[in-house]
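Novice:
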Amino acid sequence: MKKLKHDHPVRIDERNSAALGIFSMLSRSSSERQQWHSQFTVAGRQYDVSGEAARGRPHGADVNIMVGLENLFQAQGCPADNFVHTSANELREASLLAANGRNLQRLREGLDRIWETSITVTRGWHLPDGRTLAHVHKTRLINDLRYWVQGDPDPTAAGSVMVPGATLSIQLGAHLADSIRAGYTQNLQLEILRRIEQPPARTLYRLLEAHRYEPDGTPREELIVDLDNWRHACGLGDNRRSRHLRTLEQPHEELIAQQYLQDVTVDERGARTTLHYRFRDPDAPDPALVQLLMGEGVAQSAATQLARQYPDRIEASVRLSRELQRTSTIRRRGAFTRDIVEHPEKYPWPELPAPVPATSRAQQAAEQRAREEEVREQRRAELAAANPQTQWEANAPALRLYLKGSLTATQWTTLEGDCLSGRRSSLELVSALVAAQANLTLQSVIHDLKVDLS
């Protein structure tokens, strides 16, 4: 199974579902059945969306989960059956959620909430070529959801959590999957997603990206929206202007701090309120680096140019400039600092540590290998003493690798159940497969396993 590269600088996001305002920007929402109908216009495009959510409208960290799921779908090659086969741990990581029990509970709640949400789109579902789907029908972001749970399977029961390493199977809705295949996606910057601390700001970032681009893909430098329309896109509900502006204030501040937005202007004229978003030029230099140089006497225009051209040099050059100024008389601090940035080879930088002799490197490598082997042995001993669930979570990735394409979905589910219940040892099975591969008898062992699971 192809894995999502968690260090990749961007995350894809299907643009239609992001633009429709399905996910509320609110951090909290009622868990009771909700229905809503939104008609709004953004950047000249009209949207008419109705939703029905048995467990409440998707909100908060649900956006993280949806984006993580879409990226796992793409990483697995956009399977023809629209299924993503993963684990709760892998989806949690793809969703940029910390590794703790609360987030596993949040993951289950979010998946259940998204699966229980149906959408009716009358206008606003745009095909990649710019045409609009005119027929009306019910659709879902998730069609099918299967997972293992430890404890009471009732999702409202206390202490009921998803098994972290067990198989989690999710089938995307047909429109969502087809749209991702067609490339009708936007790129969300991973660095920005990681730095954003609060779910409302992340939801707003996703929404702004969905509406930021012209039909031909050209990014807008600014986006002007009417608050009454924008509240529908943000899933903010009633028409209370002051409350909505307060709700938007913190996400605005965070997106400006993350250098995604240049600024946001609120224009209140009578009963109408307009928001003016100005996006920051992605090629613009880091304002903090510009300010750092200006603090050393570099003119703003020169500081801007240096920060754009040599961003990796600025902080070290300023430190060296300050150090040299303590021991020498420098009349023109700004020119001196600028020269260090532009011509670092002219100045006495702190010496690097002496190179390690080859013999020492070999000895260190041998010692490192010995330490790693000791850690592996300790880990094997810990796993042998662990419960079946912990063993499965540790060994499932290796089993998927060895058994990929050999077991049917039913056989894999049977194997998983046997290992989780303790009827079969996943640790012993991995050891047997490793030994069989070394002895060139792997296919024979897999054949016997398939017979046993049938």
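Numbering (full-length UniProt numbering), first residue to last: 1 to 454. Quick reminder that beta carbons are idealized off the backbone N, C-alpha and C, glycines included.
Apart from the five residues on each side of it in sequence, which residues of its chain come closer than 7 Å, Cβ to Cβ, to A394?
Specialist: Hits under 7 Å: L383.
Novice: Are the beta-carbon atoms of G297 and R331 separated by less than 8 Å?
Specialist: For G297 and R331, no; Cβs fall outside 8 Å.
Novice: Under DSSP, the beta strand (DSSP E) around I12 begins and ends at which residues?
Specialist: Start and end: 10-14.
Novice: For the 8 Å Cβ check, are there 3 or more pairs between the region 97-112 and the region 200-220?
Specialist: Contact fails: fewer than three Cβ-Cβ distances are below 8 Å.
Novice: Measuring from the CB of D312, is there a heavy atom of the ligand SAH at a distance below 7 Å?
Specialist: The ligand content of the structure shown is nil, which means the ligand SAH is not present either.
Novice: Buried or exposed: E416, going by 16 or more other Cβ atoms within 10 Å of its Cβ?
Specialist: The residue is buried, with at least 16 neighbouring Cβ atoms inside 10 Å.
Novice: Going straight from the alpha carbon of T413 to that of R280, what length do you get?
Specialist: Taking the straight line from one Cα to the other gives about 49 Å.
Novice: Quick check for students: name the residue ranges of the beta strand (DSSP E) that lie wholly in the region 183-215, counting only runs of 3 or more.
Specialist: Taking only runs of at least 3 residues, the beta strand (DSSP E) segments lying wholly in the region 183-215 are 185-189.
Novice: Using DSSP with H/G/I as helix, E/B as strand and the rest coil, what is T218?
Specialist: Coil, per DSSP.
Novice: Shortest alpha-carbon distance to H37 belongs to which of M25, S50, R28, S31?
Specialist: Among M25, S50, R28, S31, the Cα nearest to that of H37 belongs to S50.
Novice: What residue ranges within the region 306-358 form continuous alpha helix (DSSP H) runs of no fewer than 4 residues, ordered along the chain?
Specialist: Counting whole runs of 4 or more residues, the region 306-358 contains the alpha helix (DSSP H) stretches 314-327, 333-342.
Novice: Along the chain, where does the beta strand (DSSP E) containing E268 start, and where does it finish?
Specialist: Residues 261-269.
Novice: Could you tell me whether the region 40-48 touches the region 140-152, where touching means 3 or more Cβ pairs closer than 8 Å?
Specialist: Judged by Cβ distances under 8 Å, the region 40-48 makes no contact with the region 140-152, as fewer than three pairs qualify.
Novice: Have a look at V264, F83, H343 and flag the residue whose alpha-carbon is nearest the alpha-carbon of L168.
Specialist: Here the closest residue by C-alpha is F83.
Novice: Who are F279's beta bridge partners in DSSP?
Specialist: DSSP lists L261 as partners of F279.
Novice: When DSSP labels each residue in this structure, what does L20 get in the three-state scheme?
Specialist: It is coil, neither helix nor strand.
Novice: Kindly indicate which three-state DSSP category L255 falls into: helix, strand or coil?
Specialist: Correct three-state label for L255: helix.
Novice: Take the Cβ of R326 as the centre, count every other Cβ of all protein chains shown within 10 Å, and call the residue buried at 16 or more, exposed below.
Specialist: Exposed, since its Cβ has fewer than 16 Cβ neighbours within 10 Å.
Novice: From what residue to what residue does the beta strand (DSSP E) around H37 run?
Specialist: Per DSSP, H37 belongs to the beta strand (DSSP E) from 34-42.
Novice: By Cβ distance below 8 Å, which residues in the same chain neighbour R202 in space, the five residues on each side in sequence not counted?
Specialist: Within the same chain, R202 has close Cβ partners V63, N64, L193, I196.
Novice: When the Cα of H343 is compared with those of S328, A316, E367, which residue comes out closest?
Specialist: When only C-alpha atoms are compared, the closest one is A316.
Novice: Helix, strand or coil for T122, going by three-state DSSP, please let me know.
Specialist: Strand.
Novice: Whose C-beta lies closer than 8 Å to the C-beta of Q300 among residues of the same chain, with five residues either side of it excluded?
Specialist: V290, M294, listed in sequence order.
Novice: Once the 5 residues before and after Q35 are set aside, which same chain residues still bring their CB inside 6 Å of it?
Specialist: For Q35, where only same-chain residues beyond five positions count, the Cβ hits under 6 Å are E52.
Novice: Would you mind sorting V266 into buried or exposed? The rule is 16 or more other CB atoms within 10 Å of its CB.
Specialist: The residue is exposed, with fewer than 16 neighbouring Cβ atoms inside 10 Å.
Novice: With a cut-off of 8 Å on the beta carbons, I'd call A61 and G110 a contact; round off their distance for me.
Specialist: So it is a contact: roughly 6 Å between Cβ atoms.
Novice: By Cβ distance below 7 Å, which residues in the same chain neighbour L429 in space, the five residues on each side in sequence not counted?
Specialist: Contacts found: L399.
Novice: Distance check for T247 and L236, CA to CA, integer angstroms please.
Specialist: The alpha-carbon atoms of L236 and T247 are separated by roughly 9 Å.
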